[in-house]
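In the working numbering, the protein residues as written are 21 to 568.
No residue lacks a Cβ here, since even glycine has one placed at the ideal position from N, Cα and C.
Here the structure is a predicted model, which means the values were calculated and not measured.
What follows is a single structure, written as structure tokens, with notes after it.
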RNA sequence: AGCGAGGUAGGGUAGUAUGGAGUGCCCGCCGGGCUCAUAACCCGGAGAUCGGUGGUUCAAAUCCACUCCUCGCUACCA
């Protein structure tokens, strides 16, 4: 039987993720994983914090703390906020772990043995005061183009020019503020992607039809066409895993290298069962990411896995998202301002964000986010269509004890037939990882339900029990609400659960039960009947606009 | 500059891979209906030479070429 590993690109922990970070990989991965749960598939959902790299080391230096302490603190903050957004990871780990280091070392040794690691040379700035190499972002000076005196070695934030450290006028070291900087040759180790190119290309061509995002295919083949070059896997930094190789002991692995391997390392932190997933040919690995992460997952990561020859499964499906572009409100992670997940949760329940972001998933092109659009989705699609449908039906059912009719007739039979075909469409869309479309199928079910109520006019029968027609209408409508509640689970888990609670015999949500519908007479808990959603209040809207 | 994405009714979008009547969705507008429901819901209607030009084709929003706009990235940020 097939087994699934679902991964989301690992958030880099330099701050609280913003909506763009969330929508670009963790959210869709979580929604998809919850669909796997609905289907009762054998699936694990792996994610975690990417902790190494220059920004963290620099931040730690500025704060005067150990990088690993800072990275762990940020890791816990990010984990907590993602869990508040109802993400149910099998394991949310981190890259700076023993298990990951072990995995990185094993894979590195295998790559050495298989001769896929080569040496490179480059010139790098060296601070004589600190006695260490300093990366581009550790150097500041005056921009030769605009004269801005706090330009960094990689780019000037003032005029946007890309720079090299050598171009800076009066360069100084960010760590010690000194100017005793020289340029020295440094050696690094690199993954020989050129040697692996044929195998990587075969991997892409052999898997790209497994529902890969179009952008993932075009980007990957574009890189292949231009030819792959060796990619460095070590850096002259302090924070990271030490390189266990003679002559390179004072260096660490480059952050991207241990980040992708982190998928395995994190699974290893989760359970001894990790090999059952990662080394079983039946395993289907489905990876979610933003478009800027494509090359790491379709070129370097498969290159590492293939080159190691250790029998790890390769990605089966690559799902890459375009960007969510904010209009009017800032998304910023590093600066901690604007609409990040912390500020979002203070404004509305996570389900509201999950729903709206699922509607806005940038599956095929960059997508605009605006407060106006958010209001439209929440008020109209979520509240008026789905929420109101559920509530009007449950309100009807409060005074009528619906019994299962012997057979459905006319409009009722027609509705159930259409709902069944929409459930099939929902399943098919999920299987093709078209999450936005699957949500549209649920919206369509609610719209059909609303039409059905209008057409059958249950209020005509008065509120007395006994009429066969009325019984059939209420039963059928309740049945649709019940199914819809189950289908909502991947998107809005808390609201789905609240809706299902009203049905006294409700089970855990499952796709099989959604297809089957209500099998017995319906008992609802009248006390629990209340609207599941509401429109955004003026207060909420005011808060949203205040984030500009 | 390099790389990438987009231009479809008043606004916002889906559709473009595998060409087949301008098909769909949300908002807005016009007209009607309903009162179970959260000023919610339902039905009908108006409104588009699918950015432009040229080409391929029996047939183009969809394929090709050129062109004009818009936006994003080029920070180890998704």
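Item: How is residue 211 classed by DSSP in three states: helix, strand or coil?; Value: strand
Item: Would you check if the distance between the CB atom of residue 515 and the CB atom of residue 553 is smaller than 9 Å?; Value: yes
Item: To the nearest angstrom, how far is it from the Cα of residue 286 to the Cα of residue 28?; Value: 12 Å
Item: Taking residue 42 and residue 361 to be in contact with their CB atoms under 8 Å, please state how far apart those CB atoms are, rounded to whole angstroms.; Value: 6 Å
Item: Do you know how far the Cα of residue 518 is from the Cα of residue 19?; Value: Outside the displayed range of the chain (21 to 568) lies residue 19, so it cannot be described from this structure.
Item: May I have the straight-line CA-CA distance separating residue 13 from residue 158, to the nearest angstrom?; Value: Nothing can be reported for residue 13, as the shown portion of the chain is limited to 21 through 568.
Item: Where DSSP assigns a beta bridge to residue 161, which residues make up the other side?; Value: 171
Item: Below 8 Å on the Cβ atoms is my guess for residue 494 versus residue 422; work out the distance and round it to an integer in Å.; Value: 4 Å
Item: Look at residue 497 and residue 481 and say whether their C-beta atoms are less than 9 Å apart.; Value: no
Item: Could you please give the first and the last residue of the uninterrupted beta strand (DSSP E) stretch that includes residue 386?; Value: No beta strand (DSSP E) contains residue 386, which DSSP labels as neither H nor E.
Item: Around the Cβ of residue 228, are there at least 16 other Cβ atoms within 10 angstroms (buried) or fewer (exposed)?; Value: buried
Item: Taking the DSSP output, what are the residues bridged to residue 335?; Value: 305
Item: Per DSSP, which residues does residue 204 bridge with? Please list them.; Value: 144
Item: To which residues does DSSP link residue 192 through a beta bridge?; Value: 160
Item: Does DSSP classify residue 70 as helix, strand or coil?; Value: strand
Item: Quick check: the region 301-315 against the region 197-214, are at least 3 beta-carbon pairs closer than 8 Å?; Value: no
Item: Grab me the residues of residue 439's own chain with a C-beta within less than 6 Å of its C-beta, minus the 5 sequence neighbours each way, in chain order.; Value: 465 and 500
Item: Under the rule that 16 or more other beta-carbon atoms within 10 Å means buried, what is residue 21, buried or exposed?; Value: exposed
Item: If you pair each beta-carbon of the region 315-329 with each one of the region 30-48, do three or more pairs fall below 8 Å?; Value: no
Item: Distance check for residue 88 and residue 79, CA to CA, integer angstroms please.; Value: 11 Å
Item: So residue 255 packs on residue 272, CB below 8 Å; how close in whole Å?; Value: 6 Å
Item: Does residue 36 come out as helix, strand or coil in the three-state DSSP assignment?; Value: coil
Item: Determine the burial state of residue 288: buried for a count of at least 16 other Cβ atoms within 10 Å of its Cβ, exposed for fewer.; Value: buried
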